[in-house]
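There are 2 protein chains.
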Amino acid sequence: MIKANGGKSLQALVDQKDDLVGYFYNETVAPHYRARTGLTAAFIPPEFTNWRDEQRAWRETAILFDQSHHMPEMLLRGPDAFRLLEKIGINSLANFTTDRAKQLIGCTPRGHVIGDCVVYRLEEETFELISSMPLLNWVHFNAEKGSYNVTIERDDPTPYNPTGRRWFYRFQLEGPNAGKIFQDAVEGGAPEIPFFRTAKVKIGGCEVLVLRHGMAGHLGAELSGPYDEMGKVRSALLAAGEKYGLQQGGTKTYFSTIFEFGWMPYPLPGIYTGEELRDYREWLSDSGWEANAQLGGSFLSDDIEDYYVTPWDLGYGHILKFDHDFIGREALEALPESKRRKKVTLVWNRDDVTKVFSSQLGDGPRYKALDFPVAYYGWPQFDEVSANDGSPVGHSCHCGYSANEGEVLSLAMLDPASAIPGTEVVLTWGEPGGGSRKPHVERHEQFKIRATVAPVPYAQSVQKLKRAAIS
Amino acid sequence: MIKANGGKSLQALVDQKDDLVGYFYNETVAPHYRARTGLTAAFIPPEFTNWRDEQRAWRETAILFDQSHHMPEMLLRGPDAFRLLEKIGINSLANFTTDRAKQLIGCTPRGHVIGDCVVYRLEEETFELISSMPLLNWVHFNAEKGSYNVTIERDDPTPYNPTGRRWFYRFQLEGPNAGKIFQDAVEGGAPEIPFFRTAKVKIGGCEVLVLRHGMAGHLGAELSGPYDEMGKVRSALLAAGEKYGLQQGGTKTYFSTIFEFGWMPYPLPGIYTGEELRDYREWLSDSGWEANAQLGGSFLSDDIEDYYVTPWDLGYGHILKFDHDFIGREALEALPESKRRKKVTLVWNRDDVTKVFSSQLGDGPRYKALDFPVAYYGWPQFDEVSANDGSPVGHSCHCGYSANEGEVLSLAMLDPASAIPGTEVVLTWGEPGGGSRKPHVERHEQFKIRATVAPVPYAQSVQKLKRAAIS
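Taken in sequence, the protein lines are chains A and B. The first sequence begins at 16 in the numbering used here and counts up by one. The second sequence begins at 16 in the numbering used here and counts up by one.
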């Protein structure tokens, strides 16, 4: 299912489909999407307690997420590994020492995003890449086709992994008490670790690689190590966290934090068109990740390029650096300001959200159900967003409910003029024509939902506001 | 976890707990409850397509449910097997030929229900009992302690089964097209099978034991056979069903059909009190099914006997037969008419249901979330039901949403005077004091929901009404 290449090619699939968008809109099932919590349920429960209280723990005390199963990984080694990553990344890798991790964002020659991942520099010539199957495939392809002295090993998500296990366990420790728990859990006390730096520490008698990061404004840590040591490290973290209200987070909570902290995962990779990528499509498989995109939402175009996004659309404008030679640089430099959309949070009108709910009662019309906490059903989701006068101003993507905010939120890409906090917009919820043929989408009617533009990340902005109100 | 007996006893647990209701209300996690679809997710997905369309298929075309994993089974053999079942069952087994199955309902000496199951008479002296762990344990205990020449073998639900598999696969084929699909699937054509009779047929090259039953008014069939033949039989059924709109049903749909057809599964067994059952409690384990009841809902009494139910409360008054000697007979014969509650459907007021939903938005108060399609969170659930003047009139148990009806429905046991269709009652939704400590119940406030009494099964009554309107 997620074989990157070999067999019939993605190009063969593209050639065969007259209506590629229609195919992705109706016929495919994405190998991973965040509403499919059943996919990993054998390894991580959808809920340890209940997702509402788990969401609260993420914001109010601390939470431990298990990331050991759903993300693909790659080990890239060799004297040319760094040169390859620099060629791929639109962001600067200039100060990439072996005590750091970096986000890596890769684009097509035309400047459309393929994906983003986190890269650890484990050793001078050894890099560990985590998540974004399309980006790992793109690195893999470039490694094979370019003149790079590198080797590549891949480790697929557990549900698809032929070994039924992974190289590494991976935990995410988050929340306002995460720092204290980490401090207590590390044998001999935790070292000072600057933001996005890594260190090796001992937890539960095991050596653990830790990456210090933070979402929604507080200290967080990503912890990894050999898969067989997962249990010992988890037990030690849970023991240290008991007095700080640490909870384990299930997949429902894990996949619903993005509405608050604002990361836009897994855009449609911009690889389905253009002669310059024919080689790549011929290398990719017709049964792999890219062949099973699952478009969903009210936006329906007959041109797949209308679903492509640029780094600005995803909020990466500030880390895009023209200080090195990378694939897509010329196109991105040439993109006019007016075509650079902005990432925002949309806060959905509560009365309209309630109307979607109450339409489930009675004889109809019945609007597309808003599942909680993850409401989107496309991978990616593209819902039309319009100004009050009806003119299109962008697309809303990931959407869902935050028990912390008591709101339905979505992450959207809007034209600069509409991306100003406080702007009122209208989102079309549900698919045209009674709904697509995607089997997990029930028959439904469309409905217009009013929404207000807000900053991203939403949670942090609220925290700042609260702090400002107190001081 | 579900070991019936051995080790420390249930009596030891009862002796140890000053507040047994408080223990079951706050501290336990039931080994199986219908909202826990994650428990069987490794074997049956929560949704094959989406539960809303799967619910519709159950009503409008046909659905295939997989019952192979969640129900305990027992094989009871020997010259005294029938005599033992007659002693347990409150219903008549008089005409129990080997081409029949029967529902078996067992009570305590005081006439409180322990559980109900389906029994197949496979051979003259061989009976297969399916579901209700408390009833299987009760049969097991009586077989060991009484003077019965029988042998017993047990086969536990897959998640707890040490073999990781089952003796038999089991499918349920339901819906208005189920009869036609069955006819087409059976090699050589299906025989005429009267209601609740069994037959052996050939499907997909395999011999299949079929029980003809029907829920919600249409022909249905339960199909079983050796576990290894599951795949072949399923494929043949799906192939036969394709032109009739047959869908596979996931656990979300499976566990949400009861609101329409009205079966009340798994009452609290009335076994925790009374000297006459001390032997039984000493036989049962302190870590088994009965030790992990998980009471939930707005009704909270300090007397566990307030949760006991009689056959009338569950709607079994019409099959209770005083034509044989059985455990509980004297008590049941003596129960006055006024203490025989009636099983009804409650149709929840749509505006009040919408208010529970909209309380999830904004700053509160936030009422207990109504999860769709299965809303109950106790095993069993006991919500207080009052008349308009506030006087208590009974309890509401299983509750959830039917996309077919566009209603939130519950199954309730009400005093005869309030059990009249059309009566307006008030249900208290949510637990007192901010909610119990049950980990899967989020912090919440209580809310009063108006409801209307309706017949049970609800779906059938609606169908009859519709038929009446047409003819």
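Backbone N, C-alpha and C define an ideal beta-carbon position, used for all residues, glycine too. Quick caveat, the model's predicted, so the values are computed rather than measured.
Residue i - containing beta strand (DSSP E), residue span
i, result
"Y468 (chain A)", "Note on residue identity: the sequence assigns Val, not Tyr, to residue 468 (chain A). Segment 462-469, the beta strand (DSSP E) holding V468 (chain A)."
"L385 (chain A)", "From DSSP, L385 (chain A) is part of no beta strand (DSSP E); its letter is neither H nor E."
"K215 (chain A)", "213-218"
"T141 (chain B)", "141-145"
"M89 (chain B)", "88-92"
CB contact flag (residue i, residue j, <8 Å)
i, j, result
"Y281 (chain A)", "T360 (chain A)", "no"
"H413 (chain A)", "M428 (chain A)", "no"
"G265 (chain B)", "E69 (chain B)", "yes"
"A308 (chain B)", "T43 (chain B)", "yes"
"A102 (chain B)", "F341 (chain B)", "The residue asked about is misnamed: residue 102 (chain B) is Lys in this sequence, not Ala. Contact flag set, yes."
"A214 (chain A)", "D114 (chain A)", "yes"
"E62 (chain B)", "K267 (chain B)", "yes"
"R249 (chain B)", "A236 (chain B)", "no"
"V223 (chain B)", "L234 (chain B)", "no"
"F186 (chain B)", "L137 (chain B)", "no"
"V362 (chain A)", "F270 (chain A)", "no"
"T272 (chain A)", "N192 (chain A)", "no"
"P149 (chain A)", "E305 (chain A)", "yes"
"H84 (chain A)", "F58 (chain A)", "yes"
Beta carbon proximity, residue i to chain A, threshold 8 Å
i, result
"P454 (chain B)", "yes"
"V368 (chain B)", "yes"
"E460 (chain B)", "no"
"A4 (chain B)", "Nothing in the structure corresponds to residue 4 (chain B), since chain B is present only between 16 and 486."
"S390 (chain B)", "Here the sequence assigns Ala to residue 390 (chain B), which means Ser is not the residue at that position. So, not an interface residue."
"E457 (chain B)", "yes"
"D34 (chain B)", "no"
Where the alpha helix (DSSP H) through residue i begins and ends
i, result
"F97 (chain A)", "96-103"
"L151 (chain B)", "148-160"
"A77 (chain A)", "Taken as a continuous stretch (DSSP letters only), A77 (chain A) belongs to no alpha helix (DSSP H), being part of the beta strand (DSSP E) at 77-81."
"S373 (chain B)", "365-373"
"L297 (chain A)", "Residue 297 (chain A) is actually Glu in this sequence, not Leu. 293-298 is the span of the alpha helix (DSSP H), which, as asked, contains E297 (chain A)."
"S316 (chain B)", "Where S316 (chain B) is concerned, there is no enclosing alpha helix (DSSP H), given that its DSSP letter is neither H nor E."
"F274 (chain A)", "273-276"
"I129 (chain B)", "No alpha helix (DSSP H) holds I129 (chain B); the beta strand (DSSP E) holding it covers 128-138."
"A346 (chain A)", "344-349"
"M245 (chain A)", "245-256"
Closer than 8 Å to chain B by CB, residue i
i, result
"E62 (chain A)", "yes"
"A469 (chain A)", "no"
"S411 (chain A)", "no"
"A77 (chain A)", "no"
"A96 (chain A)", "no"
Chain-ordered chain A contacts of residue i [CB-CB under 7 Å]
i, result
"G384 (chain B)", "One point to set straight first is that residue 384 (chain B) is Ala, not Gly, in the sequence displayed. Ordered by position in chain A, the residues that pass the 7 Å Cβ test against A384 (chain B) are R67."
Contact set between residue i and chain B, taken where Cβ atoms lie within less than 8 Å
i, result
"S316 (chain A)", "Result: empty, since nearest Cβ-Cβ is about 25 Å, beyond 8 Å."
"E275 (chain A)", "Ordered by position in chain B, no residue passes the 8 Å Cβ test against E275 (chain A), which lies about 15 Å from the chain."
Neighbour list for residue i in chain A, Cβ cutoff strictly below 9 Å
i, result
"S373 (chain B)", "R365, D366, V368, T369, F372, S373"
"L261 (chain B)", "The contacting residues do not exist; L261 (chain B) stays about 14 Å from chain A at best."
Contacts that residue i makes with chain B (C-beta to C-beta distance below 9 Å)
i, result
"E422 (chain A)", "L376, G377"
Where residue i meets chain A, residues with beta-carbon distance less than 8 Å
i, result
"A57 (chain B)", "A56, A57"
Interface flag, residue i vs chain C, CB-CB below 8 Å
i, result
"E305 (chain A)", "As a matter of chain content, chain C is missing from the structure shown, whose protein chains are A and B."
Contact test: residue i Cβ vs the ligand NAD heavy atom, cutoff 7 Å
i, result
"S271 (chain B)", "Among the components of this structure there are no ligands whatsoever, and the ligand NAD is therefore not found."
Quick check: the stretch 329-345 of chain B against the stretch 379-397 of chain A, are there 3 or more CB pairs under 8 Å?
-> no
Pair every Cβ in the stretch 292-299 of chain A with every Cβ in the stretch 433-449 of chain A, then say whether three or more of these pairs are closer than 8 Å.
-> no
Given 8 Å as the limit, is there contact between the stretch 72-80 of chain A and the stretch 129-148 of chain A, that is, 3 or more CB pairs closer than that?
-> no
Hey, is the stretch 434-443 of chain A in contact with the stretch 462-470 of chain A, meaning 3+ C-beta pairs nearer than 8 Å?
-> yes
Specify whether the stretch 151-162 of chain B and the stretch 92-106 of chain B touch according to this definition: at least 3 beta carbon pairs, one from each stretch, less than 8 Å apart.
-> yes
Quick one: any contact between the stretch 330-339 of chain A and the stretch 398-409 of chain A, if contact means 3 or more CB pairs under 8 Å?
-> no
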